[in-house]
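Numbering (the numbering used here), first residue to last: 550 to 681. Ideal placement from N, C-alpha and C gives every residue a C-beta, glycine not left out. Small disclaimer: the values here were computed from a predicted structure and weren't measured. Notes follow once the structure below has been shown.
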């Protein structure tokens, strides 16, 4: 038979001691429990925009067109204010009446654009009041 080296016994002692220590440690220790003192709940809300930037830009462009038209009509009416004869005065009155009708119509259209822009703003303000 072959002779076992002396170092072999020494090499076996360390793993055996470690195994016994781990086994005894697991028998002595019991289950542990962890409890959370503070938990944060995440609540997600999904919402969409009430009014989009493209809509705002479109309404802004419309209001600019109405404003320019009103300014142009006022310029035309102002140009007719320097009438010297009766015929020119009659023409100026006619131009002013037509211009006034056009300006009133444009002011109404401009007011409609303002109302369209104001409606989402008022809706947001109401939602903010409710959420407070």
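- With 16 or more neighbouring CB atoms inside 10 Å of its own CB, residue 648 falls in the buried class.
- A Cβ-Cβ distance of about 5 angstroms is found for the pair residue 608 and residue 666, placing them in contact under the 8 angstroms criterion.
- Within a 10 Å sphere around the beta-carbon of residue 615 sit 16 or more other beta-carbons, which makes this residue buried.
- Take the alpha-carbon of residue 617 and the one of residue 657: they are about 14 angstroms apart.
- Less than 7 angstroms separates the beta-carbon of residue 629 from that of residue 644.
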